[in-house]
Structure formats: structure tokens, C-alpha cells
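In what follows, a structure is listed as C-alpha cells, so that the remarks can point back to it.
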Amino acid sequence: MTSFSSFIQNIVNQYGGEELFQLVQGTLYTTPEKYQVCRLIKEGNTQILHSFVTNNKISLKDLNFNESRRFYNSFYSEMDYSFDLLVFAIECKAPLDTIKYIVEQTPYNNLNYGIKSNIYKFRVPLFHAIVNNDFKVANYLINKGANLKYEYECPICKVDEPCDYGRLRYCGITDENMELDWILSIKANVVNYIREFKSVNEENLKYLEYHGFSFKPSEKEEMIREANRDERKELAEMLRKTYLKS
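Residue numbers (our numbering): 1148 to 1393.
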């Protein structure tokens, strides 16, 4: 088994960026076993992953966690942080057999959920599969009970005024609670989610419509404006032809 210091050095050498940031926070590779499981998920070799988990008697469920952390600054005081293997695998675009293995072996009894790994990063498994245009994974999750009409809602933090600080364009809302504090929250349906990730495209829109998801007129108009603003001319033209028919 790799020593703790060695596996940290491996992460520093191989990755950096978001993964290194999460490591420093203590939210990602907190043990050598977790590091190896995540590495094997990234490699997409389900057979080797199964052998490693079995031989080392690892509980995949124990690798997931959710905890509350307290911070002190002008924006927020306490937030929940999570790590989730299924979300990690979908973000890594792991193959379908790896996704099935994780769902069945962890196991997941409810696939309608989201996680928050830092103040502005959140993930919903089914929605993120659609962001990736990974419709085989999306179909599997739907067959296991995930719902396209699910809405993820989660308070992020207390703020000192009613504004979202410009970080979440489509999923950020602020509400005033009984103590007259402003609460910055995430509120995401599948349409807002794919817009948040700038991942609207012809394939995932057709997928949503095929599965009975209808778009509000305001959503159609907003997606066209967004495509024009982001200089995605082909997408804007496709949206106009599809949604602005006389």
C-alpha cells in the first residue's frame, strides 16, 4: 500500500488545480485507499477497481462524506461540504460499467440528490451526465430512479445584502429569512444546470425533449440570447429555427 506522504506527492506531481485545492481542504483524497479508488475510477478499469476494493475490504459508502465547516468572514459563516464517488466518476467521464459498479456497490438507493463541495461548486449526478452528453449514463440513472424534473435546492451561506456576487448566473437566488438575514442559495433544475455550465447544445436539448421535458418560452428566448452573447452562432441559429417557428 502506498504511504500517505507518497500518495500526496503523487497528487502534487500529477494533478494540481481543483483537485489539489480540494486536497488541501481535506475534501478529496483523505486516505491512500481513497486516492487509489479515485485513480482507478479515472482510468475506467472496472475489473481492477473491483479487485482493489475487494482485496482491501474497502467500503465505497465510507468514502463518501458530508460535513459542516464553519468560516468567519463577511460573506458566510457555515457551509456543508461533500465528496461523492458517483459525482466524481461522472465528472471524470468514467465508462458506464464503472458507473454501474459504483451505484450498485456503494450502494445508492436514491439518485435524486446533489452535493456541494465548495461555496460555488455543486453537482447533480443525472444533470451532469447530460452536461457531458453522456446519454448512456443518463439513461441508466433514469432507469434507476433519477428524475429529470428533480430540482436541487441548497442554502449556500448568509450574505450581507441581497445579491449573488455574480458567481452563479442561473442557479443563485437570495431569500430573506425570519431573522432578516439574506441567504444565498442554489436552486437548479436541469435547464438552469446545463445553462450554468454553458453546455446547452442540440443533442442534450433533443434528449430532454425526447424524455418529455418542455421548455418555457422565457427559457427558449434566454438560451438564444445566451448563445448570441457567447458567440455560439450555430447554436443560436439552431435554437431560432427550432423554437421561433411561426
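All C-beta atoms in this analysis are idealised placements derived from N, C-alpha and C, irrespective of residue type, glycine included.
#### Entry: 8 angstroms CB neighbourhood of V1184 in its chain, flanking five on each side removed
Numbered from its first residue, the sequence shown carries residue 1184 at position 37. Counting only Cβ-Cβ distances below 8 angstroms, and skipping sequence neighbours, we find L1196, F1199, V1200, I1205, L1207, L1210 and L1232.
### Query
Which whole-angstrom value is the C-beta distance of F1362 and V1347, which I expect to be below 8 angstroms?
Residue numbering aside, residue 1362 sits at position 215 when the sequence shown is read from its first letter. Residue numbering aside, residue 1347 sits at position 200 when the sequence shown is read from its first letter. Between V1347 and F1362 the Cβ distance is about 11 angstroms, and since that is not below 8 angstroms, they are no contact.
### Query
How big is the Cα-Cα spacing for P1272 and I1188?
In the sequence shown, residue 1272 corresponds to position 125, counting from 1. In the sequence shown, residue 1188 corresponds to position 41, counting from 1. Each residue's CA atom was taken as its position, placing P1272 and I1188 some 15 angstroms apart.
### Query
Is T1193 near the ligand SAH, with its Cβ less than 7 angstroms from a heavy atom?
Judged by which ligands are present, the structure shown has none, so any question about the ligand SAH falls away.
### Cβ-based neighbour list, I1371, same chain, cut-off 8 angstroms, excluding 5 preceding and 5 following
The residue labelled residue 1371 in the question sits at position 224 within the sequence shown. Within the same chain, I1371 has close Cβ partners A1383, L1386, R1387, Y1390 and L1391.
### Complete beta strand (DSSP E) runs within the segment 1231-1287 (minimum length 3 residues, chain order)
As far as the segment 1231-1287 is concerned, its whole beta strand (DSSP E) runs of at least 3 residues are 1262-1265 and 1268-1270.
### Query
With C-beta atoms as the reference, is N1290 less than 8 angstroms away from N1351?
Here the question's residue 1290 lines up with position 143 in the sequence shown. Here the question's residue 1351 lines up with position 204 in the sequence shown. Result no, Cβ atoms of N1290 and N1351 do not sit closer than 8 angstroms.
### Query
What residue range is occupied by the uninterrupted alpha helix (DSSP H) comprising K1363?
Indexing the sequence shown from 1 puts residue 1363 at position 216. First-last for K1363: undefined, no H or E at that position.
### Task
Output the boundary residues of the alpha helix (DSSP H) element that contains K1181.
Walking along the sequence shown from the start, residue 1181 turns up at place 34. Where K1181 is concerned, the enclosing alpha helix (DSSP H) stretches over P1179 to E1190.
### Query
So, is N1336 buried or exposed, given that buried needs 16 or more other C-beta atoms within 10 angstroms?
On the sequence shown, position 189 is the one that residue 1336 refers to. N1336 comes out buried.
### Query
Where do the N-terminal and C-terminal ends of the alpha helix (DSSP H) with R1342 fall, by residue?
Translated into positions along the sequence shown, residue 1342 becomes position 195. Here the alpha helix (DSSP H) through R1342 covers V1337 to E1343.
### Query
What residues match up with K1334 in a beta bridge as DSSP calls it?
Reading the sequence shown from its first residue, position 187 is the one you call residue 1334. Beta-bridge partners assigned by DSSP to K1334: E1300.
#### Entry: Under the three-state DSSP convention, the category S1198 falls into
By 1-based counting over the sequence shown, the position of residue 1198 is 51. In the structure shown, S1198 sits in a helix (DSSP, three-state: H, G or I).
### Task
Just tell me which of P1302, L1288 and R1376 has its CA closest to the CA of V1250.
Position 103 of the sequence shown, counting from 1, holds the residue named residue 1250. Comparing C-alpha distances from V1250 to each of P1302, L1288 and R1376 shows the shortest one belongs to L1288.
### Query
What separation, rounded to the nearest whole angstrom, lies between the Cα atoms of R1376 and E1343?
If you number the sequence shown from 1, residue 1376 lands on position 229. If you number the sequence shown from 1, residue 1343 lands on position 196. For the pair R1376 and E1343, the Cα-to-Cα distance works out to about 14 angstroms.
### Task
Take the Cβ of E1381 as the centre, count every other Cβ of all protein chains shown within 10 Å, and call the residue buried at 16 or more, exposed below.
Taking the first residue of the sequence shown as position 1, residue 1381 is located at position 234. Burial call: exposed.
### Message
Nearest by alpha-carbon distance to E1190: which of S1229, L1243, T1178 and N1203 is it?
### Response
Looking up residue 1190 in the sequence shown gives position 43. Comparing alpha-carbon positions, the option among S1229, L1243, T1178 and N1203 lying closest to E1190 turns out to be L1243.
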